[in-house]
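Residue numbers (UniProt numbering), protein chains in the order written: chain P, 1 to 370; chain Y, 1 to 370; chain R, 1 to 370; chain S, 1 to 370. Even glycine gets a Cβ: it sits at the ideal position worked out from N, Cα and C.
Protein chains: 4
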Amino acid sequence: MAGSIYGTLFCVSTWGESHGKGIGVVIDGCPAGLPLDEEDIQKYLDRRKPGQSRFTTARQEGDRVEILSGVFEGRTTGTPIALEVRNTDQRSRDYGNLMDVYRPGHADFTFDEKYGFRDYRGGGRSSGRETIARVAAGAVASRLLERLGVKVQAYTCSIGPVSIDRARMDISKMWQNRLYMPDETAAKEAESYLDDMMARKDSCGGVVECVIEGLPAGVGEPVFDKLDAGLARAMLSIGAVKGFELGDGFEAARSLGSRNNDGFYINEDGAAKKRTNHSGGTLGGMSDSAPVVMRAAFKPTPSIAQPQRTVDRFGREKEIEIRGRHDPIIVPRAVVVVEAMAALTAADLLLLSMTSRLDRIEEFFGKKEK
Amino acid sequence: MAGSIYGTLFCVSTWGESHGKGIGVVIDGCPAGLPLDEEDIQKYLDRRKPGQSRFTTARQEGDRVEILSGVFEGRTTGTPIALEVRNTDQRSRDYGNLMDVYRPGHADFTFDEKYGFRDYRGGGRSSGRETIARVAAGAVASRLLERLGVKVQAYTCSIGPVSIDRARMDISKMWQNRLYMPDETAAKEAESYLDDMMARKDSCGGVVECVIEGLPAGVGEPVFDKLDAGLARAMLSIGAVKGFELGDGFEAARSLGSRNNDGFYINEDGAAKKRTNHSGGTLGGMSDSAPVVMRAAFKPTPSIAQPQRTVDRFGREKEIEIRGRHDPIIVPRAVVVVEAMAALTAADLLLLSMTSRLDRIEEFFGKKEK
Amino acid sequence: MAGSIYGTLFCVSTWGESHGKGIGVVIDGCPAGLPLDEEDIQKYLDRRKPGQSRFTTARQEGDRVEILSGVFEGRTTGTPIALEVRNTDQRSRDYGNLMDVYRPGHADFTFDEKYGFRDYRGGGRSSGRETIARVAAGAVASRLLERLGVKVQAYTCSIGPVSIDRARMDISKMWQNRLYMPDETAAKEAESYLDDMMARKDSCGGVVECVIEGLPAGVGEPVFDKLDAGLARAMLSIGAVKGFELGDGFEAARSLGSRNNDGFYINEDGAAKKRTNHSGGTLGGMSDSAPVVMRAAFKPTPSIAQPQRTVDRFGREKEIEIRGRHDPIIVPRAVVVVEAMAALTAADLLLLSMTSRLDRIEEFFGKKEK
Amino acid sequence: MAGSIYGTLFCVSTWGESHGKGIGVVIDGCPAGLPLDEEDIQKYLDRRKPGQSRFTTARQEGDRVEILSGVFEGRTTGTPIALEVRNTDQRSRDYGNLMDVYRPGHADFTFDEKYGFRDYRGGGRSSGRETIARVAAGAVASRLLERLGVKVQAYTCSIGPVSIDRARMDISKMWQNRLYMPDETAAKEAESYLDDMMARKDSCGGVVECVIEGLPAGVGEPVFDKLDAGLARAMLSIGAVKGFELGDGFEAARSLGSRNNDGFYINEDGAAKKRTNHSGGTLGGMSDSAPVVMRAAFKPTPSIAQPQRTVDRFGREKEIEIRGRHDPIIVPRAVVVVEAMAALTAADLLLLSMTSRLDRIEEFFGKKEK
């Protein structure tokens, strides 16, 4: 347990470095019988692929996933699913000059402290390429969730100072711009903000929002394994994320009880439903059948072309310029990573929720007493 | 694993309901040889005790902790430490009228959905009293951390619209007001805001900030078990928390790379240190030797005396008024809970960090090659 | 995680020392709705109680269990169940003279090595009293299993050189002798063997057999979490156990493939069944619907009244005599411990097996496609 | 968590089927700085390779391991180590006729029950080829243990009725016969016994013994995670193992306390040592600094060429003959698997033992109080 394993029942174990032989993941606990092929996963990977717009790195990585185990005749077998993406571009020339230096905002210093040395090529394990494994696993979790009526969708909520306008928001629009913003006007404004960033050799951050719909009530465990807690961990495990909100988030801290409480009503089917969703779809750490709504705040890309003052591992102060092309913003490529992490968390807790009630377990095993 | 277990190496397992026989925790994994007595723990519990100010419930709970195992002749033995607080007030009269109703903002509905029924007395397991077990365990973690040079301190950052002024902030002042605000002017302002809330039969939220100092660099695991992720999960596992920030948090999403990056310098001891701390003390998910700074946003107390529209478990719409005395704000009593959860997380990851480097392990076992 | 936690879904966390304030366990993950009261658990505890025959210690411990949480109006709530047995006899006078000495066959030496010191009163955490917590938790697991049609039964198979005769074996007879042997003739022979042991101030070992009936096929996970592996760990986690067999066990190593393979046939209900059960109820680590049959070998009680040569923690050689009354055999009191550990393991893996097939999960969530 | 993950701190996650694209393992938690190359691992894999003698399958599998991550410039980096062996022979022709049939002694039936269908090619996940991943990971664990002064060695103890003679035993001899028996006379006798088995189209079982030397005292956790329990689980997780013994094992159940207790003495260095080792190197579940000695009983190879009566998944009774060449004995190829599982278990518990004592932890972090 050195931190590359995630989940209890739907459990993933990831591996790989930026400039090593590849990136991969083993999924242990995916139920048997789920139709799955490489294309199902590739679609998700393509969403995080660089080179899709003028704001993402020009490297043509062409990440192709291969399913190595756990799928037989088009369906999962219940045994571990190994997914692998071989690195096609393993050149290290762009990074060699940084091998001894601690880049500000990067993990170079902490890796050296923790491990005594590090794979300095392109960030090694701390590279954004690590998220390929998360997205591949998340694609499988999403397929499973779909079968159980659950849909997970993330999109860009803001880029630097530019936020989507809730009145204008149209989720279908997110596919029409490379920033995955569900508001075309905001997307255009954000694009020109990003152009400005690039011109100034600077970078910016943003916020990704993610919604889980269709989760039955009661998913998530009281106390430590609240759905809220699982999602927060999931989001903060993504490299550049510095903040997390569920429902009204920090705004709730400035609200009133009379306003923040979501009253219940009885809907046409006789089911208890909430009139509002300030809570973001959970109560007491368990899903309450309203959409689960969360946000993750991303810091600006730390690699910028401006000169920066820092030090090297020999205790010398240095001025560095990070060469090579770097995205001025992480957010657009991170949208699918957020979605993947939310899907992995939801799938795990959904499976876990099967064991909470004896009456349902008895029914499952055909032992229900009359 | 139904969610009441926390931690891998410093592992706690909590139990207990609001109006059951008591609340408790078993700590498995506390190293042997730590001096510990009941008073060490009681001090922490007293900080979450109600009845300390006019803003907290008048019930005199008199929660007294008892150490049942794992301590011998004043020191921990390395075996499980069982801590228990017996409930002295188990009367349910204030709650009986709510046994079938789903209180807005509470977990009544989701408990019924997940388990088929619930212990309706005072919220049962979802009561704030559950945090007694966290605080008791956190007190032990804090004692352990102290011995290893690590200090965890939480305080109130804002209450409703009233925030502390960073220029005025003096940590020692937090002990001089019952809101645990390290700014006397803000504390006074907050107190009058709370008086207003009570008069209006309403409630409000707030923000707690927590700082971990003295953590060596390299604590936290890359990828899923980042220190950031552990702390986020820890905070969002607290009942009323809806948001989490590390370092600049959501502000980082509106910042620039050139401003958000923390440059390094070499200090007088020849060590690499960061000039600023926008990152909040972590890089790549590992502590970077700067203070770890986090914030948790608390929603307003859901129990308010105003009439609220809701439903009961028989599918009937209802109007309810929650009687009995309830705090207009959760935050002051939650400060020590935040501190406890941060301490539990830090202790666990600090112990885990011992196994990251072969050279240090060889030295530990006396096998270091010359 | 210092070893006092067991199970993933049905997870127990135990605590307590021989001469501390008590012994207890927290069960996290017992499904909601299981009828449970203290008497259900007490019945199991009484089976391991000393003072039941002339071969068990005369101390009247009167262990009474108390349910502290997780049960409301006679049914489990799905939240942690805390069970506690307070020690009534905490006198240490019998043990004081052994506080610095390493008793042969006991854990005194290894506790000192691992932790630097130890609670020397009556073995502290390594005392057989630790199993009270296992039995209490096992009682709850057994109740759950019963509801799902699964029965776990252990009995004494041999004591020293005296084994039960399979031809004579009658399970109902086990309740008619204090050795829990399902063969009266063997029981009588064993009793006189034990009388001889006591006269010689010596002790002996024995074998406990345990059968799990009614487990559906497919419980247990391929590879590391085989049902076989879980049961082996369960048994070897009991203090005095030195060997484990499933089905034919070591005899299988001397058998032939043609004899050891269990052929299948189709029974009257059209189900595939095995003609024989050399495998002991598992194939490939999963239950095969035949009874699961296992055996655990117990070493002789290490506390004997004969003089023994040993050393103390100051590096001095010593001759000791262990005073006080000690059982000449552990086995009879361990029968219910074996049963408890088997029940805990079976309950955990049975719950886990619910998540193996998508078609059944879809049905569970009402999403089965036609 | 569907059973293909093993270990807490030194954690491995395996994948792969007999006739899929390959077999592999991800190791999460190997400390940084361990020299490692593919040859270190290949040496272990070659020991389980078929085609080494006339008693092992003639297929030339030529399993070559590739390190895909976690090693940089010849040393482990502390991040996940992915190891992969591509299957070169993926033909399924030998197995097609068995796709619907439940082979006696195999996992065909239970896989179908658990998952609804199965990868029938060569046993799929239940194939002995699954152990390739264990051996690869075990090789890394063994390298780590070596650096910490710990040596793990397994060898064949008996084949069918032929056992090694302890008086004649010479560990160096095990490398001189293909059965890995440390007794040449017994090896010759066993070979002729195996010839006889092959002639009779039958198979036989055997026992593997394994010794761990150099483990410091105190490794293993009291109660559930005893070293004994970890090793028992490890051994019973190997497909064909039906029994486990530590030290005297089942013989201890027939021994006397006076004979079975290992008395202590003070050796020339002033250390407490045991005069005998009936316990097999543990006391109270923790290593006692004597060699840890265990045995695993293997059932006969279930694939035999004789006709066998069984059923298919359509509920029809059948007579089958398993064609293709199969080893008449599993044991020789399993020796290195036993060693690997013992090494994985020892490495995990050895790392875990670092956190048991505050004084040593303080020293580790440079906080030791004078």
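| said: For residue 132 (chain P), report the span of its beta strand (DSSP E) as first-last. | reply: From DSSP, residue 132 (chain P) is part of no beta strand (DSSP E) but of the alpha helix (DSSP H) over 131 to 147.
| request: Label residue 153 (chain S) either buried or exposed according to how many other C-beta atoms from any shown protein chain fall within 10 Å of its C-beta, with 16 as the threshold for buried. | output: buried
| Which residues, in chain order, does the stretch 102 to 121 of chain Y contribute to contact with chain R at a C-beta distance below 9 Å? | 111, 114, 115, 116, 117, 118, 119, 120 and 121
| query | Since residue 340 (chain S) and residue 137 (chain S) are thought to touch, with beta carbons under 8 Å apart, how far apart are those beta carbons, to the nearest angstrom? | reply | 7 Å
| request: Would you decide whether residue 167 (chain R) is buried or exposed? Buried here means 16 or more other CB atoms lie within 10 Å of its CB. | output: exposed
| message | Given this structure, state the Cα-to-Cα distance separating residue 58 (chain S) from residue 118 (chain S), to the nearest angstrom. | response | Below a pLDDT of 50, predicted positions are generally treated as unreliable, and residue 58 (chain S), at 48, falls in that range; no measurement from the model is reported.
| request: For the beta strand (DSSP E) containing residue 265 (chain R), list its first residue and its last residue. | output: 264 to 266
| request: Determine whether the Cβ of residue 143 (chain Y) lies closer than 8 Å to any Cβ atom of chain S. | output: no
| query | Candidates Y:262, Y:344 and Y:239: which alpha carbon is nearest residue 145 (chain Y)'s? | reply | Y:344
| task | Return the CA-CA distance between residue 240 (chain S) and residue 135 (chain S), expressed in angstroms with no decimal places. | result | 16 Å
| Thinking C-alpha only, which one of Y:289, Y:362, Y:187 and Y:238 is nearest residue 295 (chain Y)? | Y:238
| task | Flag this pair as yes or no: are the beta carbons of residue 164 (chain Y) and residue 329 (chain Y) separated by less than 8 Å? | result | no
| Closest by C-alpha distance to residue 143 (chain S), when choosing among Y:358, Y:363 and Y:365 | Y:358
| message | So that I know if they touch, is there some Cβ in chain R lying closer than 8 Å to that of residue 80 (chain Y)? | response | yes
| Per-residue burial, residue 314 (chain P) [other beta carbons within 10 Å of its own, 16 or more giving buried] | exposed
| Going by C-alpha distance, which of S:299, S:291, S:292 and S:271 is nearest residue 382 (chain R)? | Residue 382 (chain R) is absent from the structure shown; chain R starts at 1 and stops at 370.
| message | With the cut-off set at 8 Å, would you say residue 291 (chain R) and residue 212 (chain R) are in Cβ contact? | response | yes
| message | Could you compute how far the alpha carbon of residue 288 (chain R) sits from the alpha carbon of residue 263 (chain S)? | response | 44 Å
| query | For residue 268 (chain P), which option in Y:317, Y:253 and Y:248 has the closest C-alpha, if you only look at C-alpha atoms? | reply | Y:317
| query | Going by the beta-carbon positions, is the gap between residue 19 (chain P) and residue 122 (chain P) smaller than 8 Å? | reply | yes
| Around the Cβ of residue 35 (chain R), are there at least 16 other Cβ atoms within 10 angstroms (buried) or fewer (exposed)? | exposed
| Sufficient close CB pairs (3 or more, under 8 Å) joining the stretch 228 to 238 of chain Y to the stretch 223 to 233 of chain P | yes
| said: Could you check whether the Cβ of residue 4 (chain Y) sits closer than 8 Å to any Cβ belonging to chain B? | reply: Here the protein chains are P, Y, R and S, and chain B is not one of them.
| task | Check residue 164 (chain Y) in the structure and name its three-state DSSP category. | result | coil
| query | Taking buried to mean at least 16 other C-beta atoms within 10 Å of its own C-beta, is residue 176 (chain Y) buried or exposed? | reply | exposed
| Amino acids of chain Y, ordered along the chain, whose beta-carbon sits closer than 8 Å to that of residue 74 (chain R) | By Cβ distance, chain Y contributes nothing, its closest Cβ being about 11 Å from residue 74 (chain R), past 8 Å.
| Own chain, CB closer than 8 Å to residue 147 (chain R), minus 5 neighbours either side, in chain order | 34
| message | Between the alpha carbons of residue 354 (chain R) and residue 271 (chain R), how many angstroms are there, rounded? | response | 21 Å
| message | Give me, in chain order, the residues of the same chain whose beta-carbon lies closer than 7 Å to that of residue 4 (chain R); leave out the 5 immediate sequence neighbours on both sides. | response | 13, 14 and 15
| query | Can you tell which of P:132, P:74, P:124 and P:101 has the C-alpha that lies nearest to the C-alpha of residue 46 (chain P)? | reply | P:132
| query | Which of the three DSSP states, helix, strand or coil, is assigned to residue 58 (chain Y)? | reply | Residue placement at residue 58 (chain Y) is poorly supported in this model, since its pLDDT is 48, which falls under 50; the coordinates still yield a value, given next. Coil at residue 58 (chain Y), not helix or strand.
| field | Within chain S, partners of residue 376 (chain R) - CB distance below 7 Å | value | For residue 376 (chain R) there is no data in the structure shown, the boundaries of chain R being 1 and 370.
| said: Could you compute how far the alpha carbon of residue 251 (chain Y) sits from the alpha carbon of residue 297 (chain P)? | reply: 8 Å
| N-terminal and C-terminal residue of the alpha helix (DSSP H) that residue 44 (chain R) is part of | 38 to 48
| query | Under 8 Å between the Cβ atoms of residue 319 (chain P) and residue 305 (chain P)? | reply | no
| query | So the alpha helix (DSSP H) residue 112 (chain S) belongs to, where does it begin and stop? | reply | 108 to 115
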